[in-house]
Structure formats: structure tokens, C-alpha cells
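Read through the structure below, which is laid out as C-alpha cells, and then see the notes.
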């Protein structure tokens, strides 16, 4: 019988060990070090990189954000701006739980459809899109409350097909204007960008039930600033601006701070 004590968990990890357990190549880890995304705790005299728990937590978050489709540049900004690791990880958990609930509903809907097709049953339109037509319901409710979602959802469903198409056209034109501004290297604080920011806020105000309905100016400013950060951090939004989401964010932040009212 072996009575030797259990080996303690190592306080530091070599790059080869971290590469193996995380499923990431050593080359990728060295690249992360080179761009400042994941710097090892220390480098030995022989050039070997070593990592501690702090780097493990950061790598875990890098992998989560990367799986969400974010670019490495955006991930670096997010991680550097958020100093409280536990709070950030708790937010990741909430996001993943929301995604899981939506996926579970989509799976149930698809299984219901498969069953109907196999048994020659007629699909029920009212249940055929559960989990698909409310993609942002839980996210909006979590951020701004159930009333915000219900008011905006009721407003949207009250629109005719032509009105909904017109709204989407307005969004496309706004996004294209931002992309043109980015391609022309327009500065965020320039008159052109600030004019676009004013137009953007006016468009946001057209949707009822958001914090822009608040009588508190600071709350309205915080709402627009929060959205502008999402445009950069969340690839679902960033892709709408053709690589110029940072311009949109910076211009909106400059606008809401200078505007006497929103």
C-alpha cells in the first residue's frame, strides 16, 4: 500500500502543460503573449513561459469570449477594462445560462416539428417558432426589465409588414452611414460623426419601453453608453458596422456627454 502523500497542485504551469489541458497550441499561447492578451506570470532563464492561476482565469475568459465570436482586439479591451474577475465570470455564467435556455427551447421546437413530420401531423404556427422569434427576450429583460421588453415587443408586433420593412431599411441606412464614416477615417468627435450619433440616438428613441423614456438624463446617458459598449463587445452587433464599431461607440459616448438632452 502506497502511503505517500498526494502531490500538491502545482503553483505554476509550463506552457506545454497549459497547452495540453486547455486544448490550445503552444504557438497560440505565444501569440497571445506577443500581443499582450495573455502574458505569462514569468519567463525562466531558459526562455520557458510559466503561468499561475491568474493566467488560467484570464485564459478561461479569453476562450469564452472567443467562442462568442469576438475578435482578439475586442477581447483585450474587455479584459483590461474589467478588473473584478469574479463579477465578470458571474456575468459570463448568466450569458451562457440565457443561451442554454434559448437553445433548449429551440431543440424542443425542432423535436416537435420532427414528430409532426414523421406522424403526418399538422404543425401549429403558434408553437413552431418558440425559441427563435424571441432571441433577445431574456437578455433585454435581464438588462432593462420585463416592461422594457413587453412595451417594445408590443410596439413591434403592432406594426404592419410594410412598417417593419421600413424600420429595417432605416437601420440598414444608418449602419451603412457609419461604415462610410469609418472608411473615410472620420474622427469620433467630428461634426460628421456627431451628426450620425444624434441620428442614432433619435433612432433609438423611436423604440418605446427603453431607458430613453426615463426622465433621468443620467440614466438615458448610461443606457446609450452601455449600448455603445455592446456594439464593440458583442459580435452580433459589431458585424453591423463593418469593422468600425469602435467609431460608433466613441462617437455615441462623446455625444451623450455633450448633449444637453437626449
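Numbering (full-length UniProt numbering), first residue to last: 1 to 262. Idealized CB from N, CA, C, for every residue including glycine.
- Taking a cut-off of 8 Å for Cβ pairs, the stretch 222 to 239 and the stretch 162 to 170 do not touch, as fewer than three such pairs fall below it.
- Residue burial annotation: residue 209 is buried, with at least 16 other C-beta atoms found within 10 angstroms of its C-beta.
- Sixteen is the threshold: since fewer than 16 other Cβ atoms of the shown chains lie within 10 Å of the Cβ of residue 20, the residue is exposed.
- The beta-carbon separation of residue 197 and residue 251, rounded to 4 Å, stays under the 8 Å limit for a contact.
- When DSSP reads this structure, residue 49 sits in a beta bridge with 43.
- At the C-beta level, residue 262 and residue 188 stay beyond 7 Å of one another.
- As for any alpha helix (DSSP H) of minimum length 4 sitting wholly inside the stretch 141 to 184, the runs are 146 to 157, 161 to 183, ordered along the chain.
- Non-local C-beta neighbours of residue 13 in its own chain, meaning closer than 6 Å and more than five positions away in sequence, comprise 51, ordered along the chain.
- Taking the C-beta atoms as reference points, residue 240 is found nearer than 7 Å to residue 175.
- The closest CA to that of residue 212, considering only 235, 152, 180, is found on 152.
- A direct Cα-to-Cα measurement between residue 204 and residue 195 gives close to 14 Å.
- If you look at residue 250, you'll find it in the alpha helix (DSSP H) that goes 245 to 258.
- As DSSP reads the structure, residue 13 sits in a beta bridge with 51.
- If you ignore the 5 residues before and after residue 256, its C-beta comes within less than 7 Å of the C-beta of 221, 224, 225, 262, all in its own chain and listed in chain order.
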